[in-house]
Ligand code: SF4
Ligand code: SF4
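Laid out in structure tokens, this is it:
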């Protein structure tokens, strides 16, 4: 049944030079631009309970994954880290590099946007770098106040084979290309007379998605990913901050906040049952909150899983087509079809709509917290089960803790 339209969003075409596209938002999907937000709560939580990167907070399971990767994944991950390391290192010091050109003082928003599009970034937006989303370990690192949000599209065809090594090649390969393109874009900004600090996609300074939403580049999906207009969650995100004079974009209501409540495909198809149907208020934001501990064991053992990306109609068909279909029919494009919802889950075989792989409880038992937290947890359990340790065991434990503390935390992730 045809739905009345609330408003039409106009966005640049998918690639540089493409004509603009129009996205109709049905009346029953319209909510607010960006995401429902309680500013006071967000500020309170960021001040009193500041966020830390998962690469530190969940270091124990991030180390554990290396012990369960299948051999092919292990090899590819090692190769990716070797390729990526110089890019991450270059990003880390990029904010210290001096500009090479002379600033004119004029607003250079459109020059940067054009350059980013020419380089191949599919989405480009400008917003304030919102320090409330900064990770504790990065608070002193971030130098400039204006955020340039850029997203690079991951290959369409390879992504549809998820979960698979082919899709993992696309996933990690996109980050490698993006890391190099960011160096070019930062050089360009410096040539215009301004600093440019690269926030690597593999060494995040903050939760990036809220800033992408504020810059109008999409809305948060129930799968916990940014749904961008052209390629949904195939958008690989990074940022550059600068002091250059720029004009901020505005948040947009694409209808996604409500559309996800109607769609629910990713929630229903998640093999780990890690996605939740109902939205909750989390740190001042209303969202579907992913259950990390149910996702991680699946991702680690099944080629990165990402079924939630594969089955998302916005990823598969693009936002214009999905929203036009909804306006015309009141239905979710592809929902209930094998084309959208079916996936082959490695050795488990094919799962069509309504079918899910089963896992036992043990499958979800993974190390929790930081490395030292996990060590303490194991030590406590041993104390309770076996009584006081021998002097030798106690010294071994102390040495292990010390080695973790001396080594320190790394903010670099395994994306
Ligand atoms: S990656 Fe897999 S297990 Fe994790 S949320 Fe997505 S579909 Fe679920
Ligand atoms: S699959 Fe549906 S519910 Fe999930 S993120 Fe995509 S649009 Fe939202």
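In the numbering used here, the protein residues as written are 2 to 416. Think of the CB as a built atom: it goes at the ideal place given N, C-alpha and C, for glycine as much as any other residue.
Rounded to the nearest angstrom, the gap between the Cα atoms of residue 60 and residue 105 is 45 Å. Residue 407 and residue 373 have their C-alpha atoms spaced approximately 11 Å apart.
Between ligand 1 and the CB of residue 186, the shortest heavy atom gap is not smaller than 7 Å. When distances are taken from the beta-carbon of residue 5 to the heavy atoms of ligand 1, even the shortest one reaches 7 Å or more. Here residue 123 is not near residue 193, since their CB atoms are 8 Å or more apart. A distance criterion of 7 Å places the beta-carbon of residue 223 beyond contact range of ligand 1, judged by its closest non-hydrogen atom.
In this structure, residue 172 sits near residue 305, with a CB-CB distance shorter than 8 Å.
DSSP places residue 237 inside the beta strand (DSSP E), whose first and last residues are 236 to 243. Taking 7 Å as the cut-off, one finds no heavy atom of ligand 2 near enough to the beta carbon of residue 178. Not a single heavy atom of ligand 2 lies less than 7 Å from the C-beta of residue 220. In this model, residue 380 and residue 392 are separated by some 13 Å (Cα to Cα).
Where residue 7 is concerned, the enclosing beta strand (DSSP E) starts and stops at 6 to 12. Scanning its chain for C-beta atoms nearer than 7 Å, with the 5 sequence neighbours on each side dropped, one finds around residue 278 the residues 265 and 268, in chain order. Here residue 251 carries a coil assignment [DSSP, helix/strand/coil].
With respect to residue 346, residue 298 sits apart: the two C-beta atoms are not nearer than 8 Å. In the three-state DSSP reduction, residue 124 falls in the strand class (E or B). It is roughly 21 Å from the alpha-carbon of residue 86 to the alpha-carbon of residue 301. The residues 291, in chain order, have a CB closer than 6 Å to that of residue 225 in the same chain once the five nearest residues on each side in sequence are set aside.
The closest CA to that of residue 370, considering only 399, 294, 338 and 413, is found on 294.
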